[in-house]
Every structure is written in C-alpha cells, then in structure tokens.
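Each residue of the sequence shown is one higher than the last, beginning at 0 in numbering that gives the first Met the number 0.
Notes for the one structure printed next.
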Amino acid sequence: MLQRKYIPSSWDEIYGQDEVVGTLKKYKNISELPHLLFIGSPGIGKTACSYVLAKELDVPLVELNASDERGIDVVRNKIKTLLFTSGARIILLDEADNLTNDSMAALRRPMEQALQRTNNRLILTVNRSWKIIDAISSRCSVFYFNSLSKEALKKIALRILRQEKIKFNDKEEAKKVISVLVDYSRGDARRLVNVISNYSHNKEDLLQYIQKKSAEINRVKEIFEASISGDWNECLMRLESFIIQNPTIDSSEIVEMFYGEIKNLDIPPLKKFMVYERLAETERALRLNCNPLVQMAGFLASVMGVTHYK
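So this is what it looks like as structure tokens:
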C-alpha cells in the first residue's frame, strides 16, 4: 500500500497521467461523479488520483482493500452500509480484481441504487481488468492508466526526496541516486517510495543501498550481454558468481532486470517473442521454488540459442 504521507496533495503532483487527470478535473461536485473504475499496473497513480479527487471534491475517502476483504459478506455488510450512509464520501475499493464473482454480483444493485439516491461513490482500482465482470465495469466510468515513463518517475523521486529534506553533495550524486531509484522501481512508483521511506532517516544508508542496487543492475546487465555475445563460459561464470555472492536477492528482481534488458535487444520480433516466452517459463518455475541458478542458466542458454543458432 502506498505510503500515505507521500500521497500527492494536488493534481499538479500527479505525473504521467495527463489524460486521466484532465478528465477527472472536470468533476466539480460529488453529485455529478459516476462510479469509477481505474485500470492499470501497480504503482502508477490509481490510488493517488483517488485521494486527490476526494480532496478536490471536499469529501472524505474510505479505503478498503479487496485483497483482505473479498467475500460476499463484506459487500453485504461493510460496502453496502457505506454506500447508503448519509452524507457524501468516496469509497475506494483497492485491488478490486481480488473480489470473488459472487461479491461482484452482489455489488451490482447497490451501485445502481447509490448512484440514484445518495452522494456516495465507489472507485474500484484493478490491475487485471479481465477479472472484473461486465455488470460492474458497465456501471462505472472506466479510466486506463499509462505506464509511468522514466521522466515521470524521476519527478516523483525528486518530490519525495525534497519532502524528506534529503540533500546531496552535488548534482551528479543526486542524478545517480534518482537514476538508480528509477531503474530499480521498474515503473512502480511504490517501490521507489518505499526505498526512500526506509532510508530517509540516514542519507548514508540510502547511498549505500543505491550503490548496492546499482552494482546488482550492472552485473545482471553484464550477464545478459555475455549471453548475447555468445560467450557461454563467461556468461555462466558471471551468473554463478552473482548468485553465490547475493544469496538473499529475490529471484523475481533478477527476472524483472532481464525483462528490461530484453526490451533493448536488437533482434527480429519473432526471436524476441521467443525470449519473452522463455523468461515467462523461468518465472513460473521460480514461483514453484525451482533452483534459481539452474533456471537462470536455462534461460540464458535459450537467449544464446535464439540470438546465435536459430
């Protein structure tokens, strides 16, 4: 969940979602607001926009997380009660794609009635739009959120660093920290926010963390480049060394780093599709607790095969 202290206070602090913000700004009163469905990957501004909208409309926001409260009883008791309580409010149902189908079905009629009789409105945020039944999405105004660009992420990092009053020795040091934070975030502003929050009490700790992450990113890049160059012995040596020296690193982070490297591959689209498919197979195996070294080696061998021998 996004650190509440870093929630933007105005539309000007929402970066990378100009089209969404431009439309939401047009609502001046809660009575004219429909129920909303925000669709997009994690950490790109869905929750932040919900809070700013509530502030602009001068109504309270009640947040529920569907990952924790997904059953039909929650809809019948908690959500329905909030929808028909007197007054005006926004009810933010975060990660609504985790609701059961029965829960969503039970929500249809209350949504219709609340829109007609009350000034209470639902905002549902989802990562997987296909999980939401048509009867729910058809009762909402749907907004699609863009992936955040590096420039948008840099602005977010800079705003939070300033908010925490973290100062650097010079511009070069600041640029390096922000660049590594952006690369590490992989488009998820929450990851970026969490790192700054965790180390905001001590700049030296933050710099050490940045140095560590920068080294990890560079080493994964070197491993991938060795596979692309066709030097299998070098590739395997670097991979084994990296895994042994970083036993606590989350293998999903390595998968994400490889994903970023694939984007930059200058190979025919069909070959790139094959590399993505192999990475997906590797990720599935890692989720089943298969050996990371074996799985990563298998993936890199496939990359070498695709780029050199097929």
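C-beta atoms are modelled at their ideal positions from N, C-alpha and C, and glycine is treated no differently.
Source: prediction; values computed, not measured.
- The C-beta of GLN210 has fewer than 16 other C-beta atoms within 10 Å across all chains shown, which makes the residue exposed.
- For the pair ARG120 and SER102, the Cα-to-Cα distance works out to about 17 Å.
- When DSSP reads this structure, LEU121 sits in a beta bridge with ILE90.
- Between the region 109 to 129 and the region 15 to 23, the count of Cβ pairs shorter than 8 Å is below three; the stretches do not touch.
- Judged by DSSP secondary structure, LEU60 falls within the beta strand (DSSP E) whose first and last residues are 60 to 64.
- Sequence-distant Cβ neighbours of VAL302 in its own chain, meaning closer than 8 Å and more than five residues away, are PHE223, SER226, ILE227, VAL274 and ARG277.
- By the criterion of a C-beta distance shorter than 7 Å, VAL58 is surrounded in its chain by ILE29, ALA87, ARG88 and ILE89, once the five residues flanking it on both sides are discounted.
- Each residue's CA atom was taken as its position, placing PRO7 and LEU235 some 45 Å apart.
- Put simply, the backbone Cα of VAL194 is about 21 Å away from that of GLY15.
- The C-beta of GLY229 has fewer than 16 other C-beta atoms within 10 Å across all chains shown, which makes the residue exposed.
- By the C-beta density criterion, GLU203 is exposed, having fewer than 16 other C-beta atoms within 10 angstroms.
- Contact between LEU285 and SER250 holds: their C-beta atoms lie close to 5 Å from each other, under 8 Å.
- Here ILE253 is buried: its Cβ has 16 or more other Cβ atoms, across all protein chains shown, within 10 Å.
- Taking C-beta atoms under 8 Å as the contact rule, GLU94 and ASN64 qualify, at a distance of about 6 Å.
- Ranked by how close their Cα comes to the Cα of PRO291, the residues PRO246, HIS34 and GLU55 have PRO246 in first place.
- Three or more Cβ pairs drawn from the region 145 to 155 and the region 38 to 57 lie within less than 8 Å of each other, which places the two stretches in contact.
- Beyond the five residues adjoining it in sequence on each side, VAL19 comes within less than 7 Å, by CB distance, of CYS48, PHE142 and PHE144 in the same chain, given in chain order.
- According to DSSP, residue pairing for SER140 in a beta bridge involves LEU35.
- Distances from the CA of MET295 to each of LEU91, LEU123, THR84 and PHE241 were compared; the closest alpha carbon is that of PHE241.
- Taken through DSSP and simplified to helix, strand or coil, GLN207 comes out as helix.
- Counting C-beta pairs with one atom in each stretch, the region 262 to 274 and the region 183 to 199 have fewer than three that are closer than 8 Å, which means they do not touch.
- ILE122 is a Cβ neighbour of LEU35, given a cutoff of 7 Å.
- Of the candidates ARG116, GLU215 and GLN162, the residue whose Cα lies closest to the Cα of SER199 is GLN162.
- Cβ contact annotation for ILE165 (same chain, cutoff 8 Å, sequence separation greater than five): ILE195, SER199, LYS202 and LEU205, in chain order.
- A residue is called buried once 16 or more other Cβ atoms fall within 10 Å of its Cβ, and GLU215 is buried on that count.
- Taking the Cα of LYS212 as reference, the smallest distance to any Cα among VAL51, GLU31, LEU180 and THR124 is reached at LEU180.
- With a 10 Å radius around the Cβ and a threshold of 16 neighbouring Cβ atoms, LEU98 comes out buried.
- By the neighbour-count criterion, in which a residue is buried when 16 or more other Cβ atoms sit within 10 angstroms of its Cβ, SER184 is buried.
- The three-state reading of DSSP puts PRO41 in coil, since its state is none of H, G, I, E or B.
- Secondary structure of ASN100 (DSSP, three-state): helix.
- Shortest Cα-Cα distance from ILE78 to any of VAL305, ASP11, GLY297 and PRO109 involves PRO109.
- Secondary structure note for HIS200: it is in no alpha helix (DSSP H), with a DSSP letter that is neither H nor E.
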